[in-house]
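Heads up: the structure comes next, in structure tokens.
There are 2 protein chains.
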Amino acid sequence: MTTKQIVIIGIGQTQVGEHWDVSLRHLAWQAIEAALDDAAANGLDAVNQIESVYVGNMLGGLSSQQDHLGALIADYAGLRGVEAVTVEAGEASGATAVRQAIMAVQSGQVDMALAVGVEKATDETGAEAIRSMTTSLDADFETIHGATLPAMAGLLMQRYMHEYGTAVADFANFSVNAHANGAKNEYAMFRNLIKAEKFPNAPLVADPVNLFDAAPVADGAAAVIVTTAEVAYSARMRNVIKVLGSAMATDAFSLHDRDDILHFNAVKLSTERALKQAGYGREVINILELHDAFTIMTTLALEAMGYAERGTGYQFDLNQTPLSTFGGLKARGNPLGATGVYQIVELTRQLRGQAGENQVPDAKIGLAQNLGGVASTAVTHVLGV
Amino acid sequence: MTTKQIVIIGIGQTQVGEHWDVSLRHLAWQAIEAALDDAAANGLDAVNQIESVYVGNMLGGLSSQQDHLGALIADYAGLRGVEAVTVEAGEASGATAVRQAIMAVQSGQVDMALAVGVEKATDETGAEAIRSMTTSLDADFETIHGATLPAMAGLLMQRYMHEYGTAVADFANFSVNAHANGAKNEYAMFRNLIKAEKFPNAPLVADPVNLFDAAPVADGAAAVIVTTAEVAYSARMRNVIKVLGSAMATDAFSLHDRDDILHFNAVKLSTERALKQAGYGREVINILELHDAFTIMTTLALEAMGYAERGTGYQFDLNQTPLSTFGGLKARGNPLGATGVYQIVELTRQLRGQAGENQVPDAKIGLAQNLGGVASTAVTHVLGV
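Just so you know, the protein sequences line up as chains A and B, in that order.
The first sequence runs 30 to 414 under this note's numbering.
The second sequence runs 30 to 414 under this note's numbering.
Written as structure tokens, this is what we have:
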């Protein structure tokens, strides 16, 4: 991009799961502390240099009766006085927070910024939880009729199967792969393997979406510290990863307003913009972290990105470009407003060569994509060594 | 500032009041439409040039079961495809949205951005409304004990009166001034005058804060379009107003964590940063729009900004630097997440010389300040001709 070169210098994450014993602010702090420790290990004491904090969160007000998380978390993290903002774009809130941190540094207003995604999603259950989690859909035209995200994914999958003559079993590979990778990730919620032959017969969630297809919503926090290449290189930092592209786009908000519900236009636009900034084509991407909340989402994203012809996304070759390398939303878990930050943390670990058992050999350039609602919002980042 | 010169090229607002007949998205659209019309009247058709939308909102999820307002409102406003984000910082959400729009343009990622603040606060009443509106305080340590913002303002005012020996009547001028200005503002919620001698005897809200002291929370939307000076001047636009400074700061989140509850440190820090960017001292400011949710907030803000010695802010000379020139939060009304955008719209009207009956003669440089919680967050903008 023609703007300032931004780099990632610190990353941190908590395990994804049910964190009933930890408050929202403390969960955020665990990820921030890990990111600060990581930056320190890479050669820079960031705590006194962070000037802006962007919090990605979706449910704070509804689940925890707590908004105004920017100032709250900045204070709790020992960063009192800094700029601090909550950013929200449904389930894409996490990557949006990372993008705002990047733009804050690019703007020249600050030299270093922290993005933290945090979600306490399991404090509510039943109807309350569903009410909170459907606020990323259209309250007046979708939610009022009982629509939920799994239901919308069910509609999409049904239509896809109708159009292209596919069966539920055809989508199994994405979930099998996610669980295989999640099994090796200490931060993942699900570390069990699933078998392709069991996939089509899992209990239904929203026909034809079933339990082995839908990612679990859970609690978690992840954090990323960004600065300019200048600051990082002046400090002779190690493990510096470049932000090569960052872009966000929207689509018609509701499925019923789209000309073609099987085309994710926000995914297309944000991918094109991010790759254009990076100056690369899709072919150089070694590793993909997509928003696999449901296998149909992954399928349609791969098609909109140009990785597959329409009607063939489910056949994507996972050996060609590794996907969901730490388990993705499906096995690592989907902590909503934190998910997009987890993706950036995981991609950074891969590009640094610090992915342990999950390491993708020779990963040099990766792409992470976080979606809000039914891909009404898409945020795409391209990172490189 | 050393960053790109940003200018305001379009402004719009709706009346503040009870908008039960208008949906959240339509209320936002009314302000956006007015801002687009205004930009067009100034010489530029902005609708196809806006690349980012920042929505300032506080209650969407709680009052309207609607989050993900960025994509929703962008779509409804005919801006499908653009980047769109909700930003939240309690009652400072509006100015935060403006600041993010400014930073997006400064980052070089986009050339034109829209900030819209929108709030539907009157859809809830009673305990539900109080629950929603107190989410800007600390849920775990303040709200749980029954604290509300008027209660916190009451604590501050009580302490102030104790420390400095002032009486309730001493704070009357701020409200009398706000209502006098609101009476001439067609967008204001309250257009009645109040008399100084009636002030101390108004019905109590949270002792010693009374009804004539507390700003009314209401519905409203306001919008601002920003771009670079280059774009505006190339298009030979009229009525272009410069953003000379933009800054945000936080304080200890809760009063009980502050060393000195009568010092608003976020106000001090954000004012200093914004004036430093502008390259001016306080003395060149012709006009002030402060966060007068309660007279004690105005008093303490003026002291923290250096306009008055400690213990004397309530004596501020309103003839020296006009304040709340369209009625402020007190008379124009306080539509929470939209309030900070109203302040920027009003200041822009003043600096353009388009303030009608409310015009401050020779207004050249103005300052707007939006606070979140008990000044846990402060956002300060300096605008100039």
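Glycine residues also receive a C-beta, built at the ideal position from the N, C-alpha and C atoms.
Owing to the predicted nature of the structure, the values given are computational and were not obtained by experimental measurement.
Assuming residue i contacts residue j under a Cβ cut-off of 8 Å, what Cβ separation, rounded to an integer in Å, is found between them?
i: residue 319/B; j: residue 311/B; result: 13 Å between Cβ atoms; not a contact.
i: residue 405/A; j: residue 135/B; result: Actually they are not in contact, since the Cβ atoms of residue 405/A and residue 135/B sit about 27 Å apart, beyond 8 Å.
i: residue 177/B; j: residue 163/B; result: 5 Å
i: residue 392/A; j: residue 363/A; result: At roughly 23 Å, the Cβ-Cβ gap does not stay under 8 Å, so residue 392/A and residue 363/A are not in contact.
i: residue 146/A; j: residue 366/A; result: 5 Å
i: residue 198/B; j: residue 372/B; result: The Cβ separation is near 27 Å, so there is no contact.
i: residue 99/A; j: residue 84/A; result: 5 Å
i: residue 219/A; j: residue 179/A; result: Going by Cβ atoms, the distance from residue 219/A to residue 179/A rounds to 17 Å, so no, they are not a contact pair.
i: residue 379/A; j: residue 316/A; result: 6 Å
i: residue 369/A; j: residue 93/A; result: Their Cβ separation, rounded to whole angstroms, is 20 Å, which puts residue 369/A and residue 93/A out of contact at 8 Å.
i: residue 119/A; j: residue 357/A; result: About 18 Å separates the two Cβ atoms, so there is no contact after all.
i: residue 43/A; j: residue 86/A; result: Not really, about 14 Å apart at Cβ, beyond 8 Å.
i: residue 291/A; j: residue 171/A; result: Not confirmed; about 18 Å, so no contact.
Looking only at C-alpha atoms, which of the options sits nearest to residue i?
i: residue 112/A; options: 168/A, 95/A, 221/A, 133/A; result: 133/A
i: residue 36/B; options: 327/B, 232/B, 275/B, 154/B; result: 275/B
i: residue 53/A; options: 89/A, 345/A, 74/A, 155/A; result: 89/A
i: residue 183/B; options: 238/B, 125/B, 372/B; result: 238/B
i: residue 205/B; options: 377/B, 279/B, 222/B, 107/B; result: 222/B
i: residue 412/B; options: 375/B, 262/B, 390/B, 49/B; result: 375/B
i: residue 154/A; options: 91/A, 40/A, 316/A, 270/A; result: 91/A
i: residue 95/B; options: 168/A, 156/A, 114/A; result: 168/A
i: residue 342/B; options: 201/B, 138/B, 57/B, 49/B; result: 201/B
i: residue 33/B; options: 398/B, 140/B, 289/B, 299/B; result: 140/B
i: residue 347/B; options: 210/B, 265/B, 105/B; result: 210/B
i: residue 138/B; options: 277/A, 359/A, 156/A; result: 277/A
i: residue 273/A; options: 330/A, 257/A, 359/A, 280/A; result: 257/A
i: residue 280/B; options: 55/B, 166/B, 58/B; result: 166/B
i: residue 235/B; options: 282/B, 227/B, 187/B; result: 187/B
i: residue 283/A; options: 67/B, 103/B, 51/B; result: 103/B
i: residue 81/B; options: 224/B, 128/B, 227/B; result: 128/B
i: residue 144/A; options: 157/A, 79/A, 161/A, 336/A; result: 79/A
i: residue 148/A; options: 271/A, 173/A, 130/A, 57/A; result: 57/A
i: residue 410/A; options: 240/A, 314/A, 350/A; result: 314/A
i: residue 233/B; options: 226/B, 361/B, 242/B; result: 242/B
i: residue 226/A; options: 398/A, 288/A, 196/A; result: 196/A
So which residues of chain A does residue i contact, with C-beta pairs closer than 7 Å?
i: residue 282/B; result: 100, 101, 104
i: residue 59/B; result: By Cβ distance, chain A contributes nothing, its closest Cβ being about 16 Å from residue 59/B, past 7 Å.
i: residue 87/B; result: 96
i: residue 401/B; result: 97, 100
Anything in chain A within Cβ reach of residue i, meaning under 8 Å, just list it in chain order.
i: residue 406/B; result: 97, 99, 100, 113
i: residue 125/B; result: 114
i: residue 319/B; result: Within chain A, no residue comes near residue 319/B; the closest Cβ sits about 19 Å away, beyond 8 Å.
i: residue 326/B; result: The contacting residues do not exist; residue 326/B stays about 16 Å from chain A at best.
i: residue 278/B; result: 110, 111, 112
Taking C-beta pairs closer than 7 Å, name the residues in chain B that residue i reaches, listed in chain order.
i: residue 132/A; result: 132, 133, 136, 138
i: residue 169/A; result: 52
i: residue 94/A; result: 160, 164, 168, 172
i: residue 298/A; result: 110
i: residue 175/A; result: The contacting residues do not exist; residue 175/A stays about 13 Å from chain B at best.
i: residue 244/A; result: Residues of chain B passing the Cβ test: none, with the nearest at roughly 18 Å.
Name the chain A residues whose beta carbon is nearer than 9 Å to that of residue i?
i: residue 129/B; result: 114, 116, 129, 132, 133
i: residue 365/B; result: Going along chain A, no residue has its Cβ under 9 Å from residue 365/B, so there is no contact; the nearest lies around 10 Å.
i: residue 46/B; result: Per Cβ cutoff of 9 Å: no residues; residue 46/B is ~21 Å from chain A at best.
Using a Cβ cut-off of 9 Å, pull out every chain B residue sitting near residue i, in sequence order please.
i: residue 185/A; result: In chain order: nothing, as chain B lies at least about 17 Å away.
i: residue 154/A; result: Chain B residues near residue 154/A: none, gap ~18 Å exceeds 9 Å.
i: residue 32/A; result: 136, 137, 138
Identify the contact partners of residue i in chain B, using a Cβ-Cβ distance below 8 Å as the criterion.
i: residue 91/A; result: 90, 91
i: residue 119/A; result: 96, 97, 100
i: residue 257/A; result: Within 8 Å Cβ-Cβ: nothing; residue 257/A doesn't reach chain B, min ~12 Å.
Hey, is residue i's beta-carbon within less than 8 Å of any beta-carbon in chain C?
i: residue 49/A; result: Protein chains in the displayed structure are A and B, and chain C is not among them.
Handout entry: Inter-stretch contact (C-beta, 8 Å, three-pair minimum) for the segment 57-69 of chain B and the segment 251-260 of chain B
Key = yes
Practice task
Report yes or no: do the segment 398-412 of chain A and the segment 292-302 of chain A share at least 3 C-beta pairs separated by less than 8 Å?
Solution key: yes
Problem - Contiguous alpha helix (DSSP H) assignments of at least 4 residues, all confined to the segment 271-350 of chain B - result: The segment 271-350 of chain B contains these whole alpha helix (DSSP H) runs: 294-307, 324-333.
Exercise for the section: Check whether the segment 209-218 of chain B touches the segment 373-390 of chain B, counting contact only when three or more Cβ pairs, one atom from each stretch, lie closer than 8 Å. Expected result: Touching, per the Cβ criterion.
Exercise for the section: Kindly confirm or deny that the segment 256-265 of chain B and the segment 70-77 of chain B touch, where touching means at least three C-beta pairs closer than 8 Å. Expected result: Yes, the segment 256-265 of chain B touches the segment 70-77 of chain B.
Problem - Length at least 3, wholly inside the segment 171-247 of chain A: the beta strand (DSSP E) runs in chain order - result: Whole beta strand (DSSP E) segments, 3+ residues: 233-235.
Problem - Segments of 4+ residues assigned as alpha helix (DSSP H) that fall wholly inside the segment 84-129 of chain B - result: The qualifying runs are 89-93, 98-105.
Practice task
Report the residue ranges of all alpha helix (DSSP H) runs contained in full by the segment 361-390 of chain A; include only those spanning at least 4 residues, in chain order.
Solution key: 368-381
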